[in-house]
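Under my numbering, read the sequence shown as residues 6 to 361, first letter to last.
Backbone N, C-alpha and C define an ideal beta-carbon position, used for all residues, glycine too.
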Amino acid sequence: MLTNRIAIFRLVSILCCLPLWDTQAQDQDTSFQPGQIWLDTSGGPIQAHGGGVLVDGGTYYWYGEDRTDPAQTVVSCYSSKDLHHWTHQGKVYSPNDLPQELRARCFIERPKVIYNRKTNRYVLWAHLEQPGYHFSKALVATSTSPTGPFRFERAFRPISEDVGFKDDDPDQQKALGGTFRDMNLFVDDDEKAYVFYASEGNWTMYVVQLDDTYTAPQIPQEQGKTWARILVGRLREAPAPFKYKGRYYLITSGCTGWSPNAADWAVADNILGPYESRGNPCHGPEAALTFRSQSTYVLPLPNMPGCFVFMADRWNPRRLQDSAYIWLPLLIHDDGTVAIVWHDNWDLSVFERLER
Ligand code: GAL
């Protein structure tokens, strides 16, 4: 649908000698328009679903799922200096880059990239899946450049603790370890990195400290010290962690597939928890459905303490490539509560006007 509308608009623009994308397109101004078509600097619709943003050397890199080809999700990368104008840097990882035995059936969801200063490598983690959603492994790949190419490191389940999995479990968790599905990465101020992911068939979230290379869990693994089960039995996914004034915050969604549901924010004094769930942070129309979207990332704005961009996906399950982006201001009030406030149209100056 979206691509049809874009094709028609392109045609009308050409026939009427209008500059391409001179209405609606976000490259004409510096405002975010949640839910609207968002074009890259070459005029194509941005394909970076379930993504996250890396800030590196004064440039933002937005990684996500390119779903242009419904048969094969690949990892895309876009770069920007201002969070509005995004230049497509191409596809940085695709199932073709997997080892032979994984290539045919696997697809990739929710990719995220962090930079490791010690190894001078960009480290990509993603949810590697197969039809049926029982494969459920972490994909790890590395690159010397933020724009790739990324090289395969491993596909695995990071934690193998048997928390009482059933013998007939379709996810084979007794044998293979806890499932790895919706995920995110977080680098703390001390440069220790962590992966957050929905595990145990999505019932419980895991937080796992990574080793010095950021490509594997810290060993020896010790529950409560290097990894933890959080939001136990709460059936949460789409984790988006961030930190403010020494406290760890975590936005999650409920588990209803592509359909939207209410977000929750949780807070902890320690990254490994315990996390206290505090309810829905969204305010505005359709707040009970996270504005018809699902969290994917929370971006702290450089040099703007307490100001964050909440990034979410408004999935279009019939045509995933037409799913829209919902980027909104996320504010932490002076009392520590989190608020995500709907705006049809906003820019970073909104943070000066939002009440603390
Ligand atoms: C959602 C998840 C998405 C995708 C989808 C498939 O729950 O957040 O990333 O995996 O399920 O149905």
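Per DSSP, which residues does residue i bridge with? Please list them.
i    : result
G259 : R241
M188 : Y202
P246 : L255
P305 : F313
C361 : Sequence check: residue 361 is Arg here, not Cys. Note: R361 sits in no beta bridge, so no partner.
D318 : Q299, Y330
P64  : According to the sequence as given, residue 64 is Thr; it is not Pro. Beta-bridge pairing links T64 to D61.
C82  : Y68, G95
H54  : E70
Q228 : W232
A160 : L144
L353 : For L353, which the question treats as bridged, DSSP gives no partner whatsoever.
L335 : F313, I345
H288 : V346
P222 : L215
F155 : DSSP lists no partner for F155.
Among the options, which residue has its Cα nearest to the Cα of residue i?
i    : options                : result
N207 : I235, Y65, D194        : I235
L255 : A273, L59, A267        : A273
K86  : N101, L107, V60, R108  : V60
E360 : T261, H338, T342, I42  : H338
P371 : S165, Y302, W320       : Past the edges of the chain, shown from 6 to 361, lies residue 371, and the structure says nothing about it.
D102 : Y127, D172, F155       : F155
G40  : F112, T295, R358       : T295
T257 : P279, K230, P310, A317 : A317
R110 : G95, R122, Q77         : Q77
E166 : A53, Q135, T209        : T209
I51  : P75, M309, A329        : A329
G259 : E291, Q299, K250, N275 : Q299
R162 : V355, Q178, D349, L44  : Q178
Y66  : G57, D327, Q135, T73   : G57
F253 : D173, G238, T342       : In the sequence as displayed, the identity of residue 253 is Tyr instead of Phe. Looking at the Cα atoms, T342 is the closest of the given residues.
P290 : T35, T261, H348, K250  : H348
N308 : N275, Y249, R324       : Y249
G251 : N275, L240, V237, G238 : N275
P75  : W43, A180, F356, N321  : N321
R323 : Q135, G137, G262       : G262
I42  : R241, D327, R358, E357 : D327
P136 : R186, D173, G62        : R186
L88  : D34, Q105, V80         : D34
Output needed for residue i: all residues of its chain with C-beta closer than 6 Å, excluding positions within five of it in sequence on either side, in chain order.
i    : result
L277 : V212, A233
I345 : P286, C287, F315, L333, L335
S282 : D269, A271
F37  : W332, W351
V145 : W130, E158, R159, T220
L306 : C312
E205 : G183
T28  : In this prediction, T28 has a pLDDT of 36, which is less than 50 and means its spatial position is unreliable; nothing more can be read from the coordinates.
L353 : none
A267 : N285, A293
L325 : R72
V355 : P334
Output needed for residue i: all residues of its chain with C-beta closer than 8 Å, excluding positions within five of it in sequence on either side, in chain order.
i    : result
L107 : P100, L133, A160
M188 : R115, K117, W130, A131, H132, A143, V200, F201, Y202, A203, P244
T64  : S84, S85, K86, P151
D216 : P222, Q223, I224
T149 : N125, R126, Y127
I164 : G182, G183, S204, Y211, V213, P222, Q226, W232
T46  : D32, H90, W91, T92, H93
A12  : Low confidence applies here, because A12 scores a pLDDT of 40, under 50, leaving its location unreliable; read the following figure in that light. Taken in chain order, the list of residues that qualify is empty.
P279 : I235, A273
G284 : D269, W270
Q228 : E166, R234
Apart from the five residues just before and just after residue i, which ones in its own chain have a Cβ nearer than 7 Å to its Cβ?
i    : result
G153 : C82, V97, Y98
I119 : L59, V128, L190, V192, A198, Y219
D176 : H139, S141, T184, G206
V168 : E205
R122 : E196
G55  : G69, E70, E114, R115, T301, D318
P265 : L294, T295, R297, S298, Q299
L304 : V58, F313, V314, M316
F170 : Q178, K179
G238 : W208, T209
Locate the alpha helix (DSSP H) running through residue i, then write down its first and last residues.
i    : result
R108 : 105-108
Q3   : Because the chain is modelled from 6 through 361, residue 3 falls outside the range shown and cannot be assessed.
L144 : No alpha helix (DSSP H) contains L144, which is instead part of the beta strand (DSSP E) from 142-148.
R181 : It is worth fixing the name first, because residue 181 is Leu in this sequence and not Arg. Taken as a continuous stretch (DSSP letters only), the alpha helix (DSSP H) holding L181 covers 178-181.
Tell me the residue span of the beta strand (DSSP E) that contains residue i.
i    : result
K117 : 112-121
D269 : 269-273
A344 : 343-346
L129 : 126-134
Following a CB-centred definition, is residue i positioned closer than 7 Å to any heavy atom of the ligand ZN?
i    : result
Q299 : In the structure on display, the ligand ZN does not appear, and the ligands it does have are the ligand GAL.
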